[in-house]
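Under the numbering used here, the very last position in the sequence shown is 1142; numbers go up by exactly one each time.
Have a look at the structure below, then the notes.
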Amino acid sequence: MKILSAEFQKTATRRDEWPAEPLPELAFVGRSNVGKSSMLNALTRRRGLARVSNTPGRTQALQFFKVEVSLAKDAPPVALSFCDLPGYGYAKVPKAEKDRWAAMIEEYLSGRDALRAVVLIVDARHEPAESDREALAFLRAQGRTVVVAATKVDKLGKSHRFGALRAVEKGLDLPAGSAVPFSAVEGTGTEALWKKALELTR
Ligand SMILES: Nc1nc2c(ncn2[C@@H]2O[C@H](COP(=O)(O)OP(=O)(O)OP(=O)(O)O)[C@@H](O)[C@H]2O)c(=O)[nH]1
Ligand SMILES: [Mg+2]
941 MKILSAEFQK TATRRDEWPA EPLPELAFVG RSNVGKSSML NALTRRRGLA
991 RVSNTPGRTQ ALQFFKVEVS LAKDAPPVAL SFCDLPGYGY AKVPKAEKDR
1041 WAAMIEEYLS GRDALRAVVL IVDARHEPAE SDREALAFLR AQGRTVVVAA
1091 TKVDKLGKSH RFGALRAVEK GLDLPAGSAV PFSAVEGTGT EALWKKALEL
1141 TR
């Protein structure tokens, strides 16, 4: 599989700003600072495409990207849309702002027809938080197809990764082997996630 192009499309805070005539869409959801934007960049192999930061709360609106991939030589290109969302659970954001973000995210996750699947991203190093379990339950209640990815596995020694992944799956009541281990730094999991993404969006 080859990435033919990946470009920023638009920013949206309201429904009427979502891209019209949308492509099949994949969204990246997770706690603040977990690595959503970094995952999008790793998948598209464009380092600076989505804005990444050490400061939680970097992504403050819905960010839409258009991605074109080639699955085989001479095959027609496949076009997809990626939506990078603000994170949840960042304590330092003022309450009014948090409520506004939550409403914006929930409106999108519940109302976006083009949304084919959601990547729910958790930190591989920690047991899933209550907010992660709530996010999963919310997505399921909306009838969304969810892929769980456990990111930052590069911060774990190789011998600890398997156990950490099982702990993530257990914490979210998922079957063993269903979460995708990922690292934006090492590139771990990009192929596995692309495979799922293409299965679910096409
Ligand atoms: N070691 C390591 N660091 C990562 C990885 N992914 C993200 N980071 C770091 O984690 C921090 C947050 O990354 P972002 O991609 O901005 O996270 P985000 O979830 O988009 O954050 P918000 O938009 O603020 O919610 C940055 O310092 C990244 O460099 C990873 O796989 N491994
Ligand atoms: Mg971000």
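Note that CB positions come from ideal geometry on N, CA and C, so glycine has one too.
Asked	Found
Going residue by residue through the segment 1068 to 1092, where are the continuous beta strand (DSSP E) segments of at least 3 residues, counting only ones entirely within it?	1086 to 1091
Using CA atoms only, rank isn't needed, just tell me which of Ala-1001, Ala-1069, Asn-973 and Pro-1016 is closest to Asp-1113.	Ala-1069
Check whether the segment 1050 to 1063 and the segment 941 to 951 are in contact - that is, three or more C-beta pairs closer than 8 angstroms.	no
On the premise that Phe-1004 lies in contact with Pro-959, defined as a C-beta separation below 8 angstroms, what is that separation, rounded to the nearest angstrom?	5 angstroms
In this structure, how does DSSP classify Arg-971 when only helix, strand and coil are distinguished?	strand
Measuring from each Cβ to the nearest heavy atom of ligand 2, keep the ones under 6 angstroms and list them in chain order.	Lys-976, Ser-977, Arg-998, Thr-999 and Asp-1024
Measure the beta-carbon distance from Leu-1049 to Arg-998 and round it to whole angstroms, keeping in mind my assumption that it falls under 8 angstroms.	Not really, about 20 angstroms apart at Cβ, beyond 8 angstroms.
With a threshold of 8 angstroms, are at least 3 pairs of Cβ atoms found where one atom belongs to the segment 976 to 989 and the other to the segment 1064 to 1080?	no
Quick one: what's Tyr-1028 bridged to in DSSP?	Arg-971
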